Amino acid sequence: MHPAPSIILFTVLSGFGFGLISIVGLLQFLSQISTVNIVIFSAIGLFFSIIGLISSFFHLANKKNAIKSMSQWQTSWLSREAISSIFCLSIVVGNIGWVIVQNRYINEVGIILFLLSLFTIFTTSMIYAQLKTVPSWNNMLTPALFIFTALAGGSILLLDYASLVLLLIFGVLQVLFWYIADQSFIYRETSVGTALGFSKNEDIRAFDVAHTNRNYLLNEMVYKVARKHAIKIRYISFFAAFVLPMSLILMFPGNFSVSVLVIGIHFVGIYFSRWLFFAEAKHSVSFYYN
Amino acid sequence: MTKLPKCEDKKLGLLIDLDTCVGCHGCVVSCKEWNSSGGEKQLSDINSHQKDPVGTFLNRVHSYERENSCTNEAETFYFPRSCLHCEDAPCVTVCPTGASYKREEDGIVLVNEDDCMGCGLCAWACPYGARELDLVSGVMKKCTLCVDRIYSEELPPEDRVPVCVKSCPTGARAFGDFNDPNSDVSKKVRERGGVDLMPEMQTKPVNKYLLPRIKSKDSVSSVGSVVEEETDATGLLGWVDRALSKF
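The listed protein sequences correspond, in order, to chains A and B. With the numbering used here applied, the first sequence covers 18 to 307. With the numbering used here applied, the second sequence covers 1323 to 1569.
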């Protein structure tokens, strides 16, 4: 699949933003956070979520109809994501306002924010996990990876040792995701044979192309440029997203300026991870162009 | 609404005979022509007369070869690929704006361009690459089963079929109601074993394909039986051959 920068930035930034909001919400529910920190970190979460959503807006080819994406929540995960994110961010704004005006907070709002932001990340991941056409996405590891990526990122600024646990879960899920992604087509039934109505093992080769130039399908869904360096990029991604943050947090626990540096490094790693998430994914239409 | 209808009164679709298709791309051209001639809603092209032309098409014809298990020789066949108007159309349910829908009365899957925001998710959800985003108008394009022809009251009755069916010079494409067991397409599917594409995707395509039959040894002339093998010439030609070989 084509790794569009607008979509990668959207999932990385809004994932981090909603991850941060959920951690703030959890701490608010447990009364483990000051009112000042609720305002500051909710605002940071809000900022990143909104930048992410704006980025996704630039992916649309017909932006004037974007508002209509709120209408099909009954069937569409993308629609649910749009509604859920707007709803969640409205509550964040309300919560910030309440805390500033009253100088105290309502614990129950914290648990609502925690659950709603997790649900928003889940809806984002289901946009991809629902697609049978992309087997490496079409399993529950996709939501698990998205949720724990967001929680790990969101926890780095606010938690010290607990963030190590979340990072560790993220690291395990990431390796597992790559492992399964490498296997996915072995366990699936699709081949050029089934694509053309034959049996799976029918020996068929394309001898001429259907069109003389590239087209939308090839650019969007038969993206192969990336796969050449995929393994190297996986190492870079894993080092930046997991190994370095783990080491730095262990060396400087509770050091806020180190946490900020860790977030920066972690972002780079997650960006590469999401780039691979798209670039390595193989869509079933590519069988017609075998 | 992007909810799929529980049952359709009709299941209109195409039956495509790969045994008969000669890969002329006539359906591709006529489809492009018909769907670009009706006012604003065009299938756009970029750089159509320059280097690197790209354009939107609702139908593409691929070319494949496979080994004939009987004669051990390669056989080519052509494969027109377009929307299959699936019963469980994943492109419809993923649509966030309600632009994609499946009609209850005849099962045709359509895009309401006035609602489409061009996110491209439906194209990702389609296993068959049947949807293409129009890069000029920014909305998703797909086969309409020529809904503006088949119900037209202005066209003569014999023209009220999809234009790809009408234009196919070999009759490789048939149009009909797959819900009616007595329709021509249903009969042909039964007689010749019409198949689904990628049944494992559980989309329940309405369109069916008839696969190329494996030709027997008698019905095809093998390459060797037609082309002479290189042998030494005799007589006058032999003398010329030997004389020229000396130099």
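Backbone N, C-alpha and C fix where the C-beta goes; we use that ideal spot for every residue, glycine too. Quantities reported herein were computed from a predicted structural model and do not represent experimental measurements.
Asked: Which residue comes first and which comes last in the alpha helix (DSSP H) that contains A:Pro22?; Found: 22–26
Asked: Which one of B:Glu1397, B:Arg1382, B:Gly1451 has the shortest CA to CA distance from B:Ala1411?; Found: B:Gly1451
Asked: On the DSSP bridge list, what partners appear for A:Asp199?; Found: According to DSSP, A:Asp199 bridges with nothing at all.
Asked: Listed in chain order, which residues of the region 1371–1393 of chain B have Cβ atoms closer than 8 Å to some Cβ of chain A?; Found: Asp1374, Pro1375, Val1376, Gly1377, Thr1378, Phe1379, Arg1382, Val1383, His1384, Ser1385, Tyr1386, Glu1387, Arg1388, Glu1389
Asked: Name the DSSP beta bridge partners of B:Lys1424, please?; Found: B:Val1431
Asked: Grouping DSSP H, G and I as helix and E and B as strand, with all else coil, what is B:Asn1381?; Found: strand
Asked: Does the separation of the CB atoms of A:Gly114 and A:Phe65 fall below 8 Å?; Found: no
Asked: Tell me, please, which residues DSSP counts as bridged to B:Leu1532.; Found: B:Asp1339
Asked: Start and end of the alpha helix (DSSP H) containing B:Gly1345?; Found: Element bounds for B:Gly1345: n/a, residue is neither H nor E.
Asked: Between B:Phe1401 and chain A, is there a C-beta pair that is closer than 8 Å?; Found: yes
Asked: Given this structure, state the Cα-to-Cα distance separating B:Ser1358 from B:Val1458, to the nearest angstrom.; Found: 13 Å
Asked: With A:Ala320 as the anchor, note down where its beta strand (DSSP E) starts and where it stops.; Found: Examination of residue 320 of chain A is not possible in this model, given that chain A is present from 18 through 307 alone.
Asked: Just to confirm, is the Cβ distance from A:His19 to A:Phe295 under 8 Å?; Found: yes
Asked: So which residues on chain A does B:Val1461 lean against when the C-beta distance must stay under 8 Å?; Found: Ala78, Asn79
Asked: Expressed to the nearest angstrom, what Euclidean distance is found between the alpha-carbon atoms of A:Asp220 and A:Gly210?; Found: 7 Å
Asked: The beta strand (DSSP E) spanning B:Phe1399 covers which residue range?; Found: 1396–1404
Asked: If contact means a Cβ-Cβ distance below 8 Å, which residues of the region 1416–1430 of chain B contact chain A?; Found: Val1416, Cys1417, Pro1418, Thr1419, Gly1420, Ala1421
Asked: With a cut-off of 8 Å, does the C-beta of B:Leu1432 fall near any C-beta of chain A?; Found: no
Asked: Please compile the residues from chain A whose C-beta is within a distance smaller than 7 Å of the C-beta of B:Lys1332.; Found: Per Cβ cutoff of 7 Å: no residues; B:Lys1332 is ~23 Å from chain A at best.
Asked: Would A:Gly69 pass as an interface residue toward chain B - the criterion being a Cβ-Cβ separation below 8 Å?; Found: no
Asked: Any chance you could list the alpha helix (DSSP H) runs of at least 4 consecutive residues sitting entirely within the region 34–118 of chain A, in chain order?; Found: 52–74
Asked: Compare the C-alpha of B:Gly1440 against each of B:Asp1428, B:Met1462, B:Ala1555, B:Arg1425 and name the closest.; Found: B:Met1462
Asked: If we count the other Cβ atoms within 10 Å of its Cβ and call it buried at 16 or more, is A:Gly214 buried or exposed?; Found: buried
Asked: Tell me, please, whether the region 21–35 of chain A touches the region 49–69 of chain A by the rule of three or more beta-carbon pairs shorter than 8 Å.; Found: yes
Asked: Applying a beta-carbon distance threshold of less than 7 Å, which residues of chain B neighbour A:Ala227?; Found: Arg1382, Val1383, His1384
Asked: I need the DSSP call for B:Val1376, collapsed to helix, strand or coil.; Found: strand
Asked: Can you name the start and end residues of the beta strand (DSSP E) that B:Gly1498 belongs to?; Found: 1495–1499
Asked: May I ask you to list, following chain order, the residues of the region 1498–1519 of chain B that have a beta carbon less than 8 Å from some beta carbon of chain A?; Found: Val1517, Asp1518, Leu1519
Asked: For the region 149–170 of chain A, list every residue whose C-beta sits within 8 Å of some C-beta in chain B, in sequence order.; Found: Lys149, Thr150, Val151
Asked: With distances taken from CA atoms, which of B:Thr1378, B:Ser1370, B:Lys1332 is nearest A:Tyr233?; Found: B:Thr1378
Asked: Taking 8 Å as the threshold (beta carbon to beta carbon), is A:Leu132 in contact with chain B?; Found: no
Asked: Exposed or buried, A:Met143, counting other C-beta atoms within 10 Å across all chains shown (16 or more means buried)?; Found: buried
Asked: At a Cβ threshold of 8 Å, is A:Gly188 touching chain B?; Found: no
Asked: With DSSP as the reference, please indicate the residues paired to B:Val1476 in a beta bridge.; Found: Position check: residue 1476 of chain B holds Glu in this sequence, whereas Val was assumed. For B:Glu1476, which the question treats as bridged, DSSP gives no partner whatsoever.
Asked: Assign B:Asp1563 to one of three DSSP states: helix, strand, or coil.; Found: helix
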